[in-house]
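All the letters of the sequence shown, read from the start, carry residue numbers 1 to 174 under UniProt numbering. Ideal placement from N, C-alpha and C gives every residue a C-beta, glycine not left out. Note that the coordinates shown come from a computational prediction; the quantities given were computed from them, not determined experimentally.
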Amino acid sequence: MVMQTASWTFLLGDGALMELTINGARHHIDVEPDTPLLWVLRDDLQMTGTKYGCGLAQCGACTVLVNGNAVRSCVMPVGEVGAAEITTIEAIEQDRIGKRVVAAWVRHQVPQCGYCQSGQVMAATSLLMRTAHPTDEDIRAAMVNLCRCGTYNAIKAAIHELADTTEGKGLDSD
């Protein structure tokens, strides 16, 4: 027997089949609704750019965008995602702001070991999607991911560069 609700199709007795939109493509997965989105991305879809860090939503290595909002995928049950648009680091350069964030990361030599950087890029992209000209306080509030290499000043400089419109370099100009 098949029962359909929203974006879930329940195959009674056999688990659940869900359609997710990730990086603009539709994927059909057969997982339990309480499976963390991180494991669907990494294990079921082989999208390993999103990293496992702590599993407790504390470090931010697993950050992805869900409808443009930074979300810790290690604690986001896939059943709560529904029909939302999910963007991972694999496709961030397809986004105008994401592409500019990655370029600023390179210019400011932000990555050291690089493990946390996919989550950092996603958080910065989400911030700049919402706030084209973030203040230091906006940056502090949004950029709470942990970085064992201590690249916080370089991250802040990269975000400020992107938001700086004094020389026409900000996000408002292309």
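query = With distances taken between CB atoms, is the gap from V102 to L37 smaller than 7 angstroms?
reply = In this structure, L37 does not lie closer than 7 angstroms to V102 by Cβ.
task = Can you tell me which of M129, V121, H160 puts its alpha carbon nearest to the alpha carbon of E137?
result = E137 has its Cα closest to that of H160, out of M129, V121, H160.
ask   = Are the beta-carbon atoms belonging to A163 and V110 less than 7 angstroms from one another?
value = Not closer than 7 angstroms, so no.
query = Between T5 and the rest of its own chain, which residues show a CB-CB distance below 6 angstroms, the 5 nearest in sequence each way excluded?
reply = Note on T5: pLDDT 41, under 50, position unreliable in the model; no value is reported.
query = Just reading off the alpha helix (DSSP H) that R100 is part of, what are its end residues?
reply = Start and end: 96-107.
key: Classification of G114 by the beta-carbon crowding that lies within 10 angstroms, buried from 16 upward   = Looking at its Cβ environment, which holds fewer than 16 other Cβ atoms inside 10 Å, G114 is exposed.
inquiry  = Do V31 and A57 have their beta-carbon atoms positioned less than 7 angstroms apart in this structure?
reply    = The Cβ-Cβ distance between A57 and V31 does not fall below 7 angstroms.
task = Would you mind sorting T135 into buried or exposed? The rule is 16 or more other CB atoms within 10 Å of its CB.
result = With fewer than 16 neighbouring CB atoms inside 10 Å of its own CB, T135 falls in the exposed class.
request  = Give the range of the alpha helix (DSSP H) segment to which residue 221 is assigned.
outcome  = Only positions 1 to 174 of the chain appear in the structure, and residue 221 is not among them; the question remains open.
N67 and A84 closer than 7 angstroms at C-beta = The answer is yes: Cβ separation under 7 angstroms.
task = Please confirm if the segment 86-105 is in contact with the segment 121-136, defined as three or more CB-CB distances below 8 angstroms between the two stretches.
result = Under the Cβ criterion (8 angstroms, minimum of three pairs), the segment 86-105 counts as touching the segment 121-136.
query = Are the beta-carbon atoms of N23 and A104 separated by less than 7 angstroms?
reply = No, the pair does not count as a contact, with Cβ atoms beyond the cut-off.
inquiry  = Using a Cβ-Cβ cutoff of less than 7 angstroms, which residues in the same chain neighbour M149 once the five nearest sequence positions on both sides are dropped?
reply    = The sequence given here has Cys at residue 149, not Met. Hits under 7 angstroms: Q112, C113.
query = Measuring CA to CA, which of K156, L128, V71, Q46 is closest to G55?
reply = With distances taken between Cα atoms, G55 lies closest to V71.
query = So, helix, strand or coil for R148, using DSSP?
reply = R148 falls in the coil class under three-state DSSP.
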